[in-house]
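Heads up: the structure comes next, in structure tokens.
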Amino acid sequence: MKKLLLATAATALVAGAASADEVKLGVILGFTGPIESLTPDMAAGAEMAMAEVSASGNLLGGMTVTPIRKDSTCVDAAAATAAAEELIAEGVAGIFGADCSGVTGAILQNVAVPNGMVMVSPSATSPGLSTVEDNGLFFRTAPSDARQGVVMAELLKEQGVGSVALTYINSDYGKGLADSFQAAYEGMGGTVTISAAHDVGKGDYSAEVAALSSAGGERLVVAGYVDQGGGDIVRASIDAGAFDLFHFPDGMIGDALPATFGADIDGSYGQAPGSDNPGYQTFVSLAEGFNGEGTYASESYDAAALILLAMQAAGSTDPNVYKEYVESVANAPGEPIMPGELGKALEILAAGGDVDLIGATGVELVNGGEAAGSYRVVTFEGGEMVTAEYR
Amino acid sequence: MDFLNAVVAITNLLIIPATTYGAQLALGALGVTLIYSILRFSNFAHGDTMAFGTVVTIGITTLFQSWGISLGPLPTALLALPFAVAITAVLLVGTDFAIYRFYRKKRAVPIIFVMASLGVMFVMNGLIRFMAGVKDQTFDDGTRFIIKARDFKNWSGLDEALALRTTQVLTLVVAIAIVAWLFWFLNKTRTGKSMRAFSDNEDLALLSGINPNRVVMVTWVIVAMLATTAGVLYGLDKAYSPYTYFQLLLPTFAAAIVGGLGNPLGAIVGGFVVSFSEVMVTYVWKKVAIYLLPEALEPNGLLQLMSTEYKFAVSFAILVVVLLFKPTGLFKGQSV
Amino acid sequence: MTQSMRAILFFGFMAALFIIEGSTNFWIFSGSWNTSLVILNMALVSAVMALGVNLQWGYAGLFNTGIMGFVALGGLAVVVTSLPPVTESWSAGGYRIILGLVLGALTIAGTILMRMKLPQGRLRGVLTLAILIGGFFLYRAVFDSGVQAVEAIDPSVTGNIGGLGLPVLVAWPVGGLLAAGAAWIIGKTALGLRSDYLAIATLGIAEIIVAILKNEEWLSRGAKNVNGLPRPVPYEVDLQQSAEFVANAASFGLDPVTASTLYVKIGYALLFTAVLVTILVLSQLARHSPWGRMMRAIRDNETAARAMGKNVTRRHLEIFILGSAVCGFAGAMMTTLDGQLTPASYHPLRFTFLIWVMVIVGGSGNNLGSVLGGFLIWWLWVKVEPLGQWLAQVLTYGLPEGHWIAVRITEAAAHMRLFTMGLVLLFVLRFNPRGMLPEN
Amino acid sequence: MIVVDNLHKHFGGFHAVDGASLSIEKGSITGLIGPNGAGKTTLFNVIAGVLEPTSGRVMMDGEDITGLPPHDLFGKGLLRTFQIAHEFHSMTCRENLMMVPAGQSGETLWNTWFGRKRIADEERALRAKADEVLEFLTISHLADEKAGNLSGGQKKLLELGRTMMVDAKIVFLDEVGAGVNRTLLMTIGDAILQLNKERGYTFVVIEHDMDFIGKICGPVICMAEGKVLAEGTLAEIKANEQVIEAYLGTGLKNKDKVGA
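Those sequence lines, one after another, are chains A, B, C and D. According to the working numbering, the first sequence is numbered sequentially starting from 1. According to the working numbering, the second sequence is numbered sequentially starting from 1001. According to the working numbering, the third sequence is numbered sequentially starting from 2001. According to the working numbering, the fourth sequence is numbered sequentially starting from 3001.
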């Protein structure tokens, strides 16, 4: 009983007003619901950035960062809104999240914008979110799909691929990417033999593979995530001898691909945002106690880092002040910052310098918080993923 | 040659996967149907029971692997399966003892049981996530293939490939063995006969001296076996994740009802009806048509009845149609 | 304790929870009126949904697990009512889509008509097949080309046909109507089934409805969601920029941000309360009338009710449509509150089974009970999360940081939500099966 | 009044009613007896529209009523009670009675909201009528009791009472005496006789208690194995060899009853 009382007291203290040397950040992700298997790594990635900053002791004269986790449920907009309101009540200085575009839109419109709170999502890619009136408060580190579709189409055409089968995850990310790719590719004279959606969490993908392979095509474009059905489809296609060559957009790119499929996908191509960026490897090796290669884990690290660096640049934890600085710390010019160098970045900023967060994903923000930039083209040789070029 | 190609294409992409998936669904549906016929309610917690059994199997498999025990070319999970069945059976019998028995004594209406099973579903949902987290888990080891696609192409010289995975054969073999055993058990053993008598007419069965508690317990044990096996086979063939297993509840129910709730044979047929319809309705028949039809008739379109987005809707649509025109299912099941 | 005393007590308790949430920062309470009102608003919507389910289950004993589908249709109503029409889409293919749908409907109607006219036999079977197959291909040909044309128009932003451009409040009754229409079709076909079967059939039909919303982009933008739906209340940002409002807020001693967010939420709360009270009053009036008596008789004993001259089939259909319409109404309210339609977010655990927990915990058959259940369970649904985190803290108290048990428990805390709902449901079913406010 | 013509009702291979033909005189109280499993209740259920007949016809006052749904038959004045009491258990006795009359304006949703006045008037009249019926059945003291709490016999009375809420033409009583104590049974018997005399109800009564049958019934019909075995007065039936055979054939269970 005594323990219980003590714990209650402790909670009450934690929940109390932010002390002067502490800055709270909300971490709102779908810890339950359809993407519950991704969110632990995403949260860990973001919290890694926060811990790094706290440990450096350089944030605004030695402030520590406390993450406060809330469940967005991914699907329940009302519960997510309530959770976000609780974050506001707890006095957070910024919100990392949310994840799924649905709840992200709801929190953005109903909580973040009204309260003037900065929100950086690592994963919401819906093009629809670009049109939401956000007062410059909303940012995302996941790249927009529109440009990638064009890049991917160009790549395939240049390699002389005239027809592909296309499968996409039935979410705003997959659908958006599939749409932009199909439009671009067909505009260049290519043929998409079939465009078939696959759903998250439906385990059995025989119907999709059957449809894709009987429609045929020189390559299979898999606009999905390795651990959310995309991997299963690749596996089933290889197993059935339906496709040997694939093309992978960013959601699929990661060391999980060569690790899972080895030489089976030799000759395939893919692209992911990134300049010649060793940051990703650094991030993965720094990740402790979680899987740094998890989908969106690296974007999460960058998102949290962005918020904190912007605070330092602005010299304030007030969202309405530091929102102006998010783009400048994300983009050139400035000293490039790799994962693990956040402490250094804070020092430079404190001294009045400028930084360019490269981070784990080579984050680059354009017009109003959309991530963009260059793409790294990869190919698979001898069971290894190698960089072919940058464009 | 063209004809052979067409046959191979259909076998490879339609018949083999649909048969495997169908067998997994059938095992799940058998569990649902047994509960329905003997305990007289639709158990909404069945998907999570499958998940629970699989989680336990994964745990034990990991343990075995750490001890260096393996089954050679077969997945270690097979060795862990009996232990997992035992643990799942304990859980199910415990659930019955703590929850369902009370309502049985009160002779509550079936809907109350269904509601209680909803509660159990919620609780199990939390429980399995607490036990094994939320991540996808692959626990298949051993040899992956019996026939490899490329080997087959080289061997046969056909344009179309044929592949056969170990887990696919395993699913079928295990499913057939279990179903055979189940039918033998229900028809030949004393306990099985008393279960059938209990299912046909509870009051008469009680009068003739059958111990209802024993029947119920045996039922739960068998359900544990069916559910765990179904879950493990599914997980071996694909992967385990708690969210997916909850989603399995719906096609499983569809299978049980299409076949006729309460009828074991119906459950098996229902499983295959659902799996085959999902694949066939969304299948792109273009390639097969090109192989089989004279050139002049070659199709331009994909010859796809419905896009794959609707594959889940297909099984429900079949469910609804069957319910409307043949409410007791294809094989005569029980009505409430 | 009398029924009304109980009701007053429980609602008083509920009110206290909201007041503490708004005023006191202690334990799991956040001490923010904004949070309190956010929870309250969705609680009001949940209460309306629970009322709809109670109509079907409490009044007539219909086990409908397709609530999700009706709620989703309500959401769709907001899109097709309040969005401005996309004129390019209409000229590109909108009319072809409508024509396609009409052709599809004609095919089905024709089949039914033919089957009614002709005697059973081979001719009828062959004709059925012929009409269905022919109709299907005709429908697909017209419909698909229309859909392609519409979805090709600026797919990342529109790609749909838009709506009628009416005020968003009109969408609420439209949501009810859409749900009622669907319920009519479903009821006509599936209501003959008994309990378990009806449950599974409706569960399946709801999945089909959501699958359609998820994939028919010309209608709902599918997985790409519809953002920025119009609101019946002003935008906070506009209020913050209005000098008059800021001055008014200051006179209350509030800063503009707090004042504007509270203002908007109270606006919603008033609208929702008006709806809830109206539906509650109408339900109560119906309940305490010969109509309610007849419904209870049907629920108690269908056979006897039939023998006593009641047309049970028609009455079941009537109440199924009515309850579904209420759910559709609530679905439209919810989508308006969210400001967006996200078809992928409709999930049976949340939008069907949770509503059932509300009805059962509150007291099936009792309208006030359903409202109470809606409030309480929604409050729990939100608050179980901080409760779980608190519990995790208590359980891991004294363990070194990063200890695997502590990590495990903390990770699992989020899953307390479903677990708790299950426990609550089981406990109520076992120890208080008639709910907190039983039917009198 | 009712003519049943060569009626069959099969459940799978089991012929519950196997070519029964009978007619019931207007104004009579007809007893329907027979050993267990003779098909009496199934016959009732087919006549009352609960079950579709496999073949055969049912006529009422010269009109074919075969296969009409129960609520239509109710409208034609054909009412019934059940072998196992089918009370509306969560409703009070008075409500059980008040729900019976058809065409109450309060049964339309619109009126429950906007026609309260009319409903109130109707309810007053209904309530008075229900109280009258309760009085007649000597269970006035149970008016506000939940029907589910009644004893088996009281439930039977209540079911009989329901038939009195409207102007019935013919009432089918299924084992009205089962599980009812003797005193109560006599009360029921009196009520039936009185209704028959004063209101001109025609009754068809399934009953195993031969005393009761003897007391109230004029013609008696005996069924066995789904067929009509004999028709006549109770005395004639009792003397019928075939009838005795049929009862004996089913074992000794019913023997003492037929002899009693």
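Each residue gets a CB set at the ideal place from its N, CA and C atoms; glycine is no exception. All of these numbers come straight from a predicted model, not from anything done at the bench.
Between the segment 2220 to 2231 of chain C and the segment 2339 to 2359 of chain C, do three or more beta carbon pairs fall short of 8 Å?
yes
Counting only Cβ-Cβ distances shorter than 7 Å, please list the residues of the segment 2294 to 2320 of chain C near chain D, keeping chain order.
Met2294, Arg2296, Ala2297, Asp2300, Asn2301, Thr2303, Ala2304, Arg2306, Ala2307, Met2308, Gly2309, Lys2310 and Asn2311
Report yes or no: is there a C-beta of chain A within less than 8 Å of the C-beta of Asn2225 (chain C)?
yes
Among D:Arg3057, D:Ile3033, D:Lys3155 and D:Glu3025, which residue has its Cα nearest to the Cα of Ala3224 (chain D)?
For Ala3224 (chain D), the nearest C-alpha among the options comes from D:Ile3033.
Cβ closer than 9 Å: which chain A residues qualify as neighbours of Lys1153 (chain B)?
Gly241
Outcome for Asn1263 (chain B) when other beta-carbon atoms lying within 10 angstroms are tallied against a minimum of 16
For Asn1263 (chain B), the number of other beta carbons within 10 angstroms of its own is at least 16, and it is reported as buried.
So for Ala196 (chain A), helix, strand or coil by DSSP?
strand
Closest residue to Gly149 (chain A) among A:Arg140, A:Ala178, A:Phe139 and A:Lys157 (Cα-Cα distance)
The residue with the shortest Cα to Cα distance from Gly149 (chain A) is A:Ala178.
For Leu29 (chain A), write down the residues that DSSP places opposite it in a beta bridge.
A:Asp71
Which partner residues of Val3171 (chain D) appear in the DSSP bridge assignment?
According to DSSP, Val3171 (chain D) bridges with D:Leu3079 and D:Phe3203.
Short of 8 Å in beta carbon distance, which residues of its chain neighbour Met1217 (chain B), apart from the five on each side in sequence? Order them along the chain.
Val1093 and Asp1096
Answer yes or no: does any C-beta atom of chain B fall closer than 8 Å to that of Ile2279 (chain C)?
no
Closest Cα partner of Thr1244 (chain B) within the set B:His1046, B:Asp1002 and B:Ser1037:
B:His1046
Residue(s) in a DSSP beta bridge with Pro273 (chain A):
A:Tyr375
Under the assumption that Ser328 (chain A) contacts Ala313 (chain A) (Cβ atoms under 8 Å), give the Cβ distance between them as a whole number of angstroms.
So it is a contact: roughly 7 Å between Cβ atoms.
Selected residue, minimal CA-CA separation from Phe2320 (chain C), among C:Leu2055, C:Ser2030 and C:Trp2033:
Nearest in C-alpha terms to Phe2320 (chain C), of all of C:Leu2055, C:Ser2030 and C:Trp2033, is C:Leu2055.
Does chain F have any CB closer than 8 Å to the CB of Ser2260 (chain C)?
In summary, chain F is missing from the structure at hand, where the protein chains are A, B, C and D.
Contacts that Lys2214 (chain C) makes with chain A (C-beta to C-beta distance below 8 Å)
Asn170
What first and last residue would you give for the beta strand (DSSP E) that runs through Leu220 (chain A)?
Arg219 to Ala223
Taking C-beta pairs closer than 7 Å, name the residues in chain B that Val122 (chain A) reaches, listed in chain order.
Correcting the residue identity first, residue 122 (chain A) is Pro in this sequence and not Val. The contacting residues do not exist; Pro122 (chain A) stays about 18 Å from chain B at best.
Could you spell out the range, first to last residue, of the alpha helix (DSSP H) harbouring Tyr1310 (chain B)?
That residue, Tyr1310 (chain B), is in no alpha helix (DSSP H); it is neither H nor E in DSSP.
By DSSP, does Lys1106 (chain B) sit in helix, in strand, or in coil?
coil
Against Leu1248 (chain B), what residues of chain A qualify as contacts under a CB-to-CB distance less than 8 Å, listed in chain order?
Gly203
Write down every uninterrupted run of the alpha helix (DSSP H) in the segment 2161 to 2209 of chain C whose length is 4 residues or greater and which is fully enclosed by it, in chain order.
2168 to 2190
Specify the secondary structure class of Leu1261 (chain B) as computed by DSSP and reduced to three states.
coil
Nearest-angstrom beta carbon gap, Glu52 (chain A) and Gly353 (chain A) [assumed within contact, 8 Å]:
The pair is not a contact, with the Cβ atoms about 19 Å apart (cut-off 8 Å).
Beta strand (DSSP E) segments (min. 3 residues) lying fully within the segment 302 to 373 of chain A:
Listed in chain order, they are 335 to 337 and 355 to 357.
Beta-carbon proximity list for Thr104 (chain A), same chain, < 6 Å, skipping 5 on both sides:
Excluding residues within five positions, the ones whose Cβ falls inside 6 Å are Ala98, Ser121 and Ala124.
Once DSSP output is grouped into helix, strand and coil, what is the label at Gln1137 (chain B)?
strand
List, in chain order, every chain A residue whose beta-carbon is nearer than 7 Å to that of Pro2155 (chain C).
Near Pro2155 (chain C) (Cβ distances below 7 Å), the residues of chain A are Asp179.
Please work out which residues of its chain come closer than 7 Å, Cβ to Cβ, to Gly3251 (chain D), disregarding the five sequence neighbours upstream and downstream, and give them in chain order.
In this prediction, Gly3251 (chain D) scores a pLDDT of 48, lower than 50, which makes its location untrustworthy; no coordinate-derived value is stated.
Along the segment 1130 to 1147 of chain B, what residues have a CB closer than 7 Å to any CB found in chain A?
Val1134, Lys1135 and Asp1136
By DSSP, does Thr64 (chain A) sit in helix, in strand, or in coil?
strand
Can you give, in chain order, each stretch of the alpha helix (DSSP H) that sits fully within the segment 2362 to 2439 of chain C and has at least 4 residues?
2367 to 2395, 2404 to 2412 and 2416 to 2431
Is there a Cβ of chain C sitting closer than 8 Å to that of Asp76 (chain A), yes or no?
yes
Where does Phe3011 (chain D) sit, in a helix, a strand or coil, going by DSSP?
strand
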